[in-house]
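Residue numbers (my numbering), protein chains in the order written: chain A, 1 to 214; chain B, 1001 to 1214. We put the beta carbon where it would ideally sit given N, CA and C, even for glycine.
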DNA sequence: AGCGGTATGGGGGACGACCCTGAGACGACC
DNA sequence: GGTCGTCTCAGGGTCGTCCCCCATACCGCT
C-alpha cells in the first residue's frame, strides 16, 4: 500500500519533478513552498512522511520540523537536499529527521527510502552516514602514552610558545605571558615552524588541534 | 579487487559458514575465536576490514577494537551480531566500529557492506540506524537554531569571504579563489569583523568554529 | 530622480607575522 | 677547556593584516 507523502521544497519545478517521478508509487497528499505553508498543509493532510528540503527561505527545514512537532510528533521527516555539508546533516538530524538523502538520488531509491522511513528506519546516503557517525563518536581518540616523534623534536620552551601561538595569542601577548621579548617568541616560532615543516601560524593551529594539544 | 577481511567470532561453525558463503568474493586473510587470538591475528595479517562478533568470551568485540587501535588505527570494523539490542549497537559504535549488521544479513548484502566499510562509509541494518540516531540525539553538537541573528546580518558575499578567511586562507588566496581583488577581500573582512564585533581573523576563526561553519 | 544597500576597487598607513643573520649566557657532556 | 644544545635577544627586511577615506556601479525602493 502506498505511503502518504507531503512534499516541501521552495522550488516549484522540483516539486513537480518529484511528483511526476514517484507520484505513481506513493500518495502525494500535498506540497508547500515555504515554512508556514508547509506547517499548515501538514496539519490538514496528516501525511506519514514529509519530504523536506533543508534550505528554504523562512528558516529552512528545521523550522518546519519544530513547527509540526508541536501538534503531531508522529510525522516522520526525510530530509532531501542538494547539500551534503556535515553541518546541514547534523542539524536536521538533531531536529528529528529520520533520514537524509541528496537530490541526486534515483526515483527508485527515493521510493524505497520513503517506505523505510515510514517504517521507522533511518535512511542515509552512504557518504553521509560517515559524517553522522563522526559527529557522534567524535574524532578517533589519539593513542595516549605513545611518543610523538614530531612533537618530541621540539624543546620544552618551544612547545610552550607553540601552545600559545596555536591558541591565537599574538607574539606580543605570548611574550608578555612568558615574560620574554617579542624577538624571542619570533625565534621560537620560527624554529617550531621549521621543525614541523609548516609555513604559518594557521597551519600550526591546525597541527596542534589535530594532536589535541589545545 | 577483493577486500582483505579478518573474521572474529567464537563460533567455529559460523566462521566456516561465512568463509564458505563469501570467501570467493572477499579475501579472508585470517580468523580468530577469542580476543587475544584476534588481536594477534589482525596484527600479523593486517586486514582492511575486520568482521567482528559483538558477544565473545574475554571482553567481546569492544576489547578487540581497543586492542587493535593501539597499533593500527587504520583497520575498519564491521560489527556482526545476533543481537539488535540498542545498548550493544551503541557501545560498539562508540568504540569506533563503522558499521553494524545482524547475522540475518544475506551473503550479497554482507559483501556489499564490507566493501562500503572498507571505503569509509558507515553501514547499518536499516532498523539499527534508528537506534543509533535516537541514542545519540542528545549528544549532538550544538547547532544554532532556525535563525542566527549574528550570521544573518552578513551579506551572502561577506559570508563567502568569511568562510575562506576562517579556514586560514590569506587575503591573496581568498581573492584568487573568488576572482576579486585583495582590496575587495579587505573590505568584506573589515565589514564582517565590524558587524560581529571581532578584532582579528583569529577571533573570526573561533567564532566560525563555534557555529560549525567550517 | 534620489536614496540606501551591496559589491567592487584604489591609496596610504600602522602594525603584526615571518625570515635572515648574528650573538651573549648558561648548563651538560667528554 | 672545548663543544653542543638551549634560551635569550637584536637589527633589518618582506609581506600579510587591518584600518582609514574614497570612488564607481548596479539594483531596488520610494
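Requested in this report: Using 10 angstroms around the beta-carbon of residue 1046/B, count the other beta-carbons present and answer buried if the total reaches 16, otherwise exposed.
Outcome: exposed
Query raised in the report: Quick one: complete beta strand (DSSP E) runs, 3+ long, within the region 29-112 of chain A?
Result: For the region 29-112 of chain A, whole beta strand (DSSP E) runs of length 3 or above, ordered along the chain, are 49-53, 76-81, 99-102.
Report task. Using only alpha-carbon positions, find the residue among 175/A, 24/A, 195/A, 28/A that is nearest to residue 153/A. Result -> Nearest of 175/A, 24/A, 195/A, 28/A to residue 153/A, Cα basis: 195/A.
Requested in this report: List the residues of chain B whose Cβ lies closer than 7 Å to the Cβ of residue 202/A, in chain order.
Outcome: 1168
Requested in this report: Identify every residue that forms a DSSP beta bridge with residue 1004/B.
Outcome: 1027/B
Report task. Drop a sphere of 10 angstroms on the beta-carbon of residue 6/A, count the other beta-carbons inside from all chains shown, and report buried for 16 or more, exposed for fewer. Result -> By the neighbour-count definition (other C-beta atoms within 10 Å, threshold 16), residue 6/A is a buried residue.
**Report entry** Cβ distance (whole Å) where residue 1114/B is taken to contact residue 1078/B below 8 Å
**Finding:** 6 Å
Query - Alpha-carbon spacing of residue 70/A relative to residue 55/A, whole angstroms - result: Rounded to the nearest angstrom, the two C-alpha atoms are 21 Å apart.
Query - Same chain, Cβ closer than 7 Å to residue 1003/B, neighbours up to 5 away in sequence not counted - result: 1026, 1027, 1048, 1049, 1114, 1115, 1118
Report task. Check each candidate in 103/A, 96/A, 92/A, 60/A and name the one with the smallest Cα separation from residue 21/A. Result -> 103/A
Query raised in the report: For residue 1164/B versus residue 168/A, is the C-beta spacing smaller than 7 Å?
Result: No, these two residues do not count as a Cβ contact at 7 Å.
Report task. Please name the residue in 1157/B, 1031/B, 1074/B, 1096/B whose C-alpha comes closest to that of residue 1190/B. Result -> 1157/B
**Report entry** C-beta contact flag for residue 53/A and residue 9/A at 7 Å
**Finding:** yes
Query raised in the report: Given a threshold of 16 other Cβ atoms within 10 Å of its Cβ, counted over all protein chains shown, does residue 44/A qualify as buried or as exposed?
Result: Residue 44/A comes out exposed.
**Report entry** Closest by C-alpha distance to residue 1029/B, when choosing among 1073/B, 1015/B, 1035/B
**Finding:** 1015/B
Query - Minimum C-alpha distance to residue 108/A - residue among 205/A, 159/A, 200/A, 18/A - result: 18/A
Report task. With a threshold of 16 other CB atoms inside 10 Å of the CB of residue 1013/B, please say whether the residue is buried or exposed. Result -> exposed
Query - Within 7 Å, strictly: CB atoms of residue 166/A and residue 198/A - result: no
Query raised in the report: Which residues in the same chain have their Cβ closer than 6 Å to the Cβ of residue 1097/B, if we skip the five residues on either side of it in sequence?
Result: 1077, 1079
Query raised in the report: In chain A, what lies closer than 8 Å to residue 947/B by C-beta?
Result: Coverage of chain B is limited to positions 1001 through 1214, which leaves residue 947/B absent and any answer about it impossible.
Query - Opening and closing residue of the alpha helix (DSSP H) in which residue 165/A lies - result: 156-166
Query raised in the report: Applying the criterion that 16 or more other CB atoms from any shown protein chain within 10 Å of the CB defines a buried residue, is residue 1181/B buried or exposed?
Result: exposed
Query raised in the report: Any idea if residue 31/A is buried or exposed, counting beta-carbon neighbours within 10 angstroms, 16 or more meaning buried?
Result: buried
Report task. Report buried or exposed for residue 94/A, applying the criterion of at least 16 other Cβ atoms within 10 angstroms of its Cβ. Result -> buried
**Report entry** Proximity winner among 51/A, 35/A, 81/A, relative to residue 66/A (alpha-carbon distances)
**Finding:** 35/A
**Report entry** 8 Å Cβ cut-off: residues of chain A touching residue 1206/B
**Finding:** Simply 168.
Query - Whole-angstrom distance between residue 186/A and residue 60/A, CA atom to CA atom - result: About 47 Å.
Query raised in the report: Where does residue 1145/B land, buried or exposed, given buried means 16+ other C-beta within 10 angstroms?
Result: With a pLDDT of 40 at residue 1145/B, under the threshold of 50, the modelled position of this residue cannot be trusted, and the question is left open.
**Report entry** Assigned secondary structure, residue 20/A (DSSP; H/G/I helix, E/B strand, else coil)
**Finding:** helix
Query - residue 1176/B: first and last residue of the uninterrupted alpha helix (DSSP H) it sits in - result: Secondary structure note for residue 1176/B: its alpha helix (DSSP H) is the uninterrupted segment 1171-1178.
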